[in-house]
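Colleague: Quick one: structure below, then a few questions.
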Amino acid sequence: MEVEKEVITSASLDEANVIRQMPVALSNKIAAGEVVQRPASAVKELMENSLDAGAQEITLFLKGAGSELIQVVDNGCGMSRQDARICLNRHATSKIRGIEDLDSIRTFGFRGEALSSIAAIANVTLRTKRAGDEMGTEVSVDGSEVGTVTPIAAADGTSVTVRNIFYNVPARRNFLKKPSTELKHILDSVHVLAMANPSVSFRIVSDGNELLNFRASSAENNLDALSERIGDVLSLKSLHNLLSVRETTSYLSVSGFIGRPESVRRSRGQQFLFVNGRSVRHRYLEHAIFSAYEYLVPDGTYPLFAVFLSIDPRHVDVNVHPTKAEVKFDDERGVYSILRTIVRKTLGTAEIIPDAGDAIPLKGLKLDFDAIKKESNDGYNSGWSPGQVSEQLYNAPLTGLPSRSSEAGEELAPRESSGAGSSAELLWQLHDAYVLTQIRTGLVIVDQQAAHERILYEKALESLSDGFGLSQQLLFPRTLEFDAADFVLLQELIPDLRSLGFDLEQFGGRSIMLRGVPADMVAGDERSVLDEVLEQYKHFEVVEQLTGHENLARSIARKSAVKPGKRLSHREMRALIDQLFLCSTPYSSPGGRPTIVKLSVDELRERFNKKL
Ligand code: ADP
Ligand code: MG
Numbered sequence: 002m003e004v005e006k007e008v009i010t011s012a013s014l015d016e017a018n019v020i021r022q023m024p025v026a027l028s029n030k031i032a033a034g035e036v037v038q039r040p041a042s043a044v045k046e047l048m049e050n051s052l053d054a055g056a057q058e059i060t061l062f063l064k065g066a067g068s069e070l071i072q073v074v075d076n077g078c079g080m081s082r083q084d085a086r087i088c089l090n091r092h093a094t095s096k097i098r099g100i101e102d103l104d105s106i107r108t109f110g111f112r113g114e115a116l117s118s119i120a121a122i123a124n125v126t127l128r129t130k131r132a133g134d135e136m137g138t139e140v141s142v143d144g145s146e147v148g149t150v151t152p153i154a155a156a157d158g159t160s161v162t163v164r165n166i167f168y169n170v171p172a173r174r175n176f177l178k179k180p181s182t183e184l185k186h187i188l189d190s191v192h193v194l195a196m197a198n199p200s201v202s203f204r205i206v207s208d209g210n211e212l213l214n215f216r217a218s219s220a221e222n223n224l225d226a227l228s229e230r231i232g233d234v235l236s237l238k239s240l241h242n243l244l245s246v247r248e249t250t251s252y253l254s255v256s257g258f259i260g261r262p263e264s265v266r267r268s269r270g271q272q273f274l275f276v277n278g279r280s281v282r283h284r285y286l287e288h289a290i291f292s293a294y295e296y297l298v299p300d301g302t303y304p305l306f307a308v309f310l311s312i313d314p315r316h317v318d319v320n321v322h323p324t325k326a327e328v329k330f331d332d333e334r335g336v337y338s339i340l341r342t343i344v345r346k347t348l349g350t351a352e353i354i355p356d357a358g359d360a361i362p363l364k365g366l367k368l369d370f371d372a373i374k375k376e377s378n379d380g381y382n383s384g385w386s387p388g389q390v391s392e393q394l395y396n397a398p399l400t401g402l403p404s405r406s407s408e409a410g411e412e413l414a415p416r417e418s419s420g421a422g423s424s425a426e427l428l429w430q431l432h433d434a435y436v437l438t439q440i441r442t443g444l445v446i447v448d449q450q451a452a453h454e455r456i457l458y459e460k461a462l463e464s465l466s467d468g469f470g471l472s473q474q475l476l477f478p479r480t481l482e483f484d485a486a487d488f489v490l491l492q493e494l495i496p497d498l499r500s501l502g503f504d505l506e507q508f509g510g511r512s513i514m515l516r517g518v519p520a521d522m523v524a525g526d527e528r529s530v531l532d533e534v535l536e537q538y539k540h541f542e543v544v545e546q547l548t549g550h551e552n553l554a555r556s557i558a559r560k561s562a563v564k565p566g567k568r569l570s571h572r573e574m575r576a577l578i579d580q581l582f583l584c585s586t587p588y589s590s591p592g593g594r595p596t597i598v599k600l601s602v603d604e605l606r607e608r609f610n611k612k613l
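Residue numbering for the sequence shown follows this note's numbering, beginning at 2 and increasing consecutively.
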């Protein structure tokens, strides 16, 4: 502090004056950072303008996931030449005239910041024409400098073209995430807008490929239209799992859909909350909905919902966040309890059978240890023989498990040789979940699911690194269609999925042609295999922050592993144990659960000798 004072006193008065008015271009650029954080924010702002302009059709063209080109074309009301000329100026808006309007905001925009912000950080060309006008107008802007204003022939409506976003903000441009991530953000933004506007059609064309095409609903009833749109956005095969919600109180009204408890997912991504038509993130209110499902769904699962709250704008402040994703209610607790009660009531009247313990089963996978075993004998791990595996089992330290026996130096050998026939007595399955086997020093208990996960995980990692996973060809190749978000992820994973043994390729639009699946998987339900692996992948990505091969290997293992409740044949038990000890880390599942518990004879003896 001292130092600063000195500087000021020793300086001349003029030099001490350090505050300057910022050049407009610079202040716009700074403000732009708040509104436009990534291509998806520009998309959102432009599409909201189209919706505010009453558009019935909105098309988004993208190149390079928005970093090269974002173009939003609408058939809304268009602008006059004068309006087109000034709409790119900061705080130019047609939507609010005075402070009193702030209390009754019904449009998406109102700050008049979006276009000027985008123009500050990109090359923008706007073309617009009102239905009644003969000629349209074209305005080009470059770094906030309004360039040319030209009369042009144009279709009714508005088209805004944004090129080279952040070209003059290298810090932002360099920090754009990989294209698939930016595309995912864009899709998320479009999905919520599409959800809130079922009567408007939305189309996205990305690098010439149609990524999404939601037709305007023709349903008379708003809820019917919404359910159709939810089906589109979430690629639901049927709307059977949607329960409608509709309730009005004096303070607010709630409408929309919630998912049946059976349809919960292990990852988020199917939750949509809107306040007066605007998508909001509100953890507290989301919790109100989740908590209404308590005891009806397994822990760590998320029910679907698309819930619209409608409330007098005077009770809610939408102005707390620059991107307007957050809102504040004057009676937050009240909203929470109304919402929870309404969801509970809907669930209560929907004849729901609680089935809390039931994890979502994976259909269509068969356990084929024989194939695994054959593969092993074919040189999966050269030099392997059943005898050696047994030795590995007995000699390996069972880390982290209680062991009071003095094993060191002890001579260990299986009670029986592993010759066929005689091994029968050595294996038991308990409760269709654990495999028990006797060893000389005691008893080994193997968790069949954890063990199988470990085996599949290491196999998958190996296939991913050497690029050669055994594939089983389908008799009839199938074309599978994915929703846009999954398709983007799938595109990214295709090379790795091929390494794992999936024989698949892109097939126009959002389709995939599937010719073969990994050898361990049964043909017939390939769709669910791919879906569930993707689902698991997304879950691990979010919850455990796993990436790349690690994530994929774990997802495959989690999804394909034998579950508790599956009776294993004797050979399968044998194969499970043998395979487990071929693993480099046999003692824990990929997720860190123990695969084996050992109980030594010493420990048993000690327990039985205890005097009470
Ligand atoms: P805001 O939406 O907050 O008013 P914007 O910067 O997004 O601010 O837009 C400024 C103005 O430009 C809007 O108020 C509107 O009058 C006009 N405008 C922008 N986009 C469109 C469009 N697609 N169709 C018609 N008018 C538009
Ligand atoms: Mg706007």
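Built from N, CA and C at the ideal position, the CB exists for glycine as well. Model, not experiment: these values are computed from the prediction.
Who are the Cβ neighbours of valine 19 in its own chain at under 7 Å, not counting the five residues just before and after it?
Modeller: On the sequence shown, position 18 is the one that residue 19 refers to. So the list is empty, once near-sequence residues are dropped.
Colleague: Please classify glycine 137 as buried or exposed, where buried requires at least 16 neighbouring CB atoms within 10 angstroms.
Modeller: Taking the first residue of the sequence shown as position 1, residue 137 is located at position 136. Glycine 137 should be labelled buried.
Colleague: Are the Cβ atoms of arginine 559 and glutamate 454 separated by less than 8 Å?
Modeller: Looking up residue 559 in the sequence shown gives position 558. Looking up residue 454 in the sequence shown gives position 453. Yes, the Cβ-Cβ distance between arginine 559 and glutamate 454 is below 8 Å.
Colleague: Are the CB atoms of isoleucine 71 and proline 40 within a distance shorter than 8 Å?
Modeller: Counting from one through the sequence shown, the residue named residue 40 turns up at place 39. Counting from one through the sequence shown, the residue named residue 71 turns up at place 70. Yes.
Colleague: Got a sec: does ligand 1 put a non-hydrogen atom nearer than 7 Å to the Cβ of serine 117?
Modeller: In the sequence shown, residue 117 corresponds to position 116, counting from 1. Because some heavy atom of ligand 1 lies under 7 Å away, the Cβ of serine 117 counts as near it: yes.
Colleague: In chain order, what residues of the same chain have a beta carbon less than 6 Å from the beta carbon of leucine 224, not counting five sequence neighbours either side?
Modeller: On the sequence shown, position 223 is the one that residue 224 refers to. The residues are Ser245.
Colleague: Hey, out of Leu444, Thr129, His432, Ser500, whose CA is closest to glycine 470's CA?
Modeller: Translated into the one-based positions of the sequence shown, residue 470 becomes position 469. Checking every option, the nearest Cα to that of glycine 470 belongs to Ser500.
Colleague: Can you tell me whether leucine 297 is helix, strand or coil according to DSSP?
Modeller: As a first step, residue 297 is located in the sequence shown; it is residue number 296 there, counting from the start. Three-state result, leucine 297: coil.
Colleague: According to DSSP, simplified to helix, strand and coil, what is glutamate 263?
Modeller: Position 262 of the sequence shown, counted from the first residue, corresponds to residue 263. In the structure shown, glutamate 263 sits in a helix (DSSP, three-state: H, G or I).
Colleague: Run through DSSP, which three-state label would alanine 520 get?
Modeller: Numbered from 1 along the sequence shown, position 519 holds the residue referred to as residue 520. It is coil, neither helix nor strand.
Colleague: Please name the residue, chosen from Val191, Glu493, Arg279, Tyr294, that lies closest to isoleucine 312 on a Cα-to-Cα basis.
Modeller: Taking the sequence shown and counting its residues from 1, the one referred to as residue 312 is at position 311. Considering only alpha carbons, the answer is Arg279.
Colleague: According to DSSP, is lysine 178 part of a helix, a strand, or is it coil?
Modeller: Reading the sequence shown from its first residue, position 177 is the one you call residue 178. Correct three-state label for lysine 178: coil.
Colleague: Where in the stretch 163 to 214 do unbroken runs of the alpha helix (DSSP H), each at least 4 residues long, occur, reported from the N-terminal end onward?
Modeller: Listed in chain order, the complete alpha helix (DSSP H) runs (minimum 4 residues) inside the stretch 163 to 214 are 171 to 175, 180 to 197.
Colleague: Would you be able to state if there are at least three C-beta pairs under 8 Å between the stretch 500 to 513 and the stretch 473 to 485?
Modeller: Flag = yes, the stretch 473 to 485 and the stretch 500 to 513 touch.
Colleague: Let me check one thing: in DSSP terms, what residues is lysine 567 bridge-paired to?
Modeller: Start at 1 with the first residue of the sequence shown, and residue 567 comes out as number 566. Paired residues: none, contrary to the question.
Colleague: Would you please state the rounded distance, in angstroms, between the beta carbons of alanine 154 and leucine 127? I believe it to be under 8 Å.
Modeller: As a position in the sequence shown, residue 154 is number 153, starting the count at 1. As a position in the sequence shown, residue 127 is number 126, starting the count at 1. No, alanine 154 and leucine 127 are not in contact; Cβ-Cβ is about 15 Å, not under 8 Å.
Colleague: Which residue comes first and which comes last in the alpha helix (DSSP H) that contains proline 496?
Modeller: As a first step, residue 496 is located in the sequence shown; it is residue number 495 there, counting from the start. Segment 485 to 501, the alpha helix (DSSP H) holding proline 496.
Colleague: On the three-state DSSP scale, how would you describe phenylalanine 258?
Modeller: Taking the sequence shown and counting its residues from 1, one reaches residue 258 at position 257. Residue state, collapsed to three classes: strand.
Colleague: By the DSSP assignment, the alpha helix (DSSP H) with glutamine 449 in it spans what residues?
Modeller: Indexing the sequence shown from 1 puts residue 449 at position 448. Counting along the chain, the alpha helix (DSSP H) containing glutamine 449 begins and ends at 449 to 467.
Colleague: Three-state secondary structure (DSSP) at tyrosine 285?
Modeller: Numbered from 1 along the sequence shown, position 284 holds the residue referred to as residue 285. Tyrosine 285 falls in the helix class under three-state DSSP.
Colleague: What are the boundary residues of the alpha helix (DSSP H) that arginine 559 is part of?
Modeller: On the sequence shown, position 558 is the one that residue 559 refers to. 549 to 561 is the span of the alpha helix (DSSP H), which, as asked, contains arginine 559.
Colleague: Do valine 37 and serine 160 have their C-beta atoms within less than 8 Å of each other?
Modeller: On the sequence shown, position 36 is the one that residue 37 refers to. On the sequence shown, position 159 is the one that residue 160 refers to. Cβ atoms of valine 37 and serine 160: not closer than 8 Å.
Colleague: In the DSSP assignment, what residue or residues form a beta bridge with histidine 303?
Modeller: Here residue 303 refers to the residue found at position 302 of the sequence shown. Sequence inspection shows tyrosine at residue 303; the histidine mentioned does not correspond to that position. Answer is Arg266.
Colleague: Mind checking which residues open and close the beta strand (DSSP E) that includes glutamine 439?
Modeller: For the purposes of this step, residue 439 is taken as the residue at position 438 of the sequence shown. Start and end: 435 to 440.
Colleague: Return yes when the Cβ of arginine 341 is within less than 8 Å of the Cβ of alanine 289, no when it is not.
Modeller: If you number the sequence shown from 1, residue 289 lands on position 288. If you number the sequence shown from 1, residue 341 lands on position 340. Yes, they are a contact pair.
Colleague: Say yes only if the C-beta of asparagine 50 is nearer than 7 Å to one or more non-hydrogen atoms of ligand 2, and no if none qualify.
Modeller: Locating residue 50 in the sequence shown gives position 49, counting from the first residue. Yes, Cβ of asparagine 50 sits closer than 7 Å to a heavy atom of ligand 2.
Colleague: What do you reckon, are the CB atoms on valine 125 and valine 163 nearer than 8 Å?
Modeller: As a first step, residue 125 must be located in the sequence shown, where it is residue number 124. As a first step, residue 163 must be located in the sequence shown, where it is residue number 162. The answer is yes: Cβ separation under 8 Å.
Colleague: I'd like to confirm the pairing. Which residues does DSSP put opposite serine 472 in its beta bridges?
Modeller: Position 471 of the sequence shown holds residue 472. Serine 472 is bridged to Pro519.
Colleague: Using only alpha-carbon positions, find the residue among Thr586, Glu482, Leu457 that is nearest to leucine 553.
Modeller: Sequence index remark: in the sequence shown, residue 553 carries index 552 (1-based). For leucine 553, the nearest C-alpha among the options comes from Leu457.
Colleague: Between the alpha carbons of tyrosine 297 and glutamate 287, how many angstroms are there, rounded?
Modeller: For this step, residue 297 is matched to residue 296 along the sequence shown. For this step, residue 287 is matched to residue 286 along the sequence shown. Position check: residue 297 holds leucine in this sequence, whereas tyrosine was assumed. Leucine 297 and glutamate 287: Cα-Cα distance of roughly 16 Å.
Colleague: Please report the straight-line C-alpha distance between tryptophan 385 and serine 264, rounded to a whole angstrom.
Modeller: In the sequence shown, the residue the question calls residue 385 occupies position 384. In the sequence shown, the residue the question calls residue 264 occupies position 263. Per-residue confidence for tryptophan 385 stands at a pLDDT of 30, beneath the threshold of 50, marking its modelled position as unreliable; the derived number appears in the next sentence. Distance between the alpha carbons of tryptophan 385 and serine 264 is about 45 Å.
Colleague: If you follow the alpha helix (DSSP H) that leucine 52 is in, where does it begin and where does it stop?
Modeller: Walking along the sequence shown from the start, residue 52 turns up at place 51. Leucine 52 -> alpha helix (DSSP H) spans 40 to 53.
Colleague: Rounded to the nearest angstrom, what separates alanine 195 and isoleucine 205 at their Cα positions?
Modeller: Mapped onto the sequence shown, residue 195 falls at position 194. Mapped onto the sequence shown, residue 205 falls at position 204. In a straight line, the C-alpha of alanine 195 is about 12 Å away from that of isoleucine 205.
Colleague: Below 7 Å CB to CB, which residues in the same chain sit around alanine 520 once its five sequence neighbours on both sides are set aside?
Modeller: The residue labelled residue 520 in the question sits at position 519 within the sequence shown. Excluding residues within five positions, the ones whose Cβ falls inside 7 Å are Ala372, Leu471, Ser472, Gln473, Gly502.
Colleague: Going by C-alpha distance, which of Thr438, His283, Ser239, Ser590 is nearest serine 556?
Modeller: The sequence position of residue 556 within the sequence shown is 555, counting from 1. It is Ser590 whose Cα lies nearest to the Cα of serine 556.
Colleague: Applying the criterion that 16 or more other CB atoms from any shown protein chain within 10 Å of the CB defines a buried residue, is phenylalanine 215 buried or exposed?
Modeller: Taking the sequence shown and counting its residues from 1, one reaches residue 215 at position 214. Classification for phenylalanine 215: buried.
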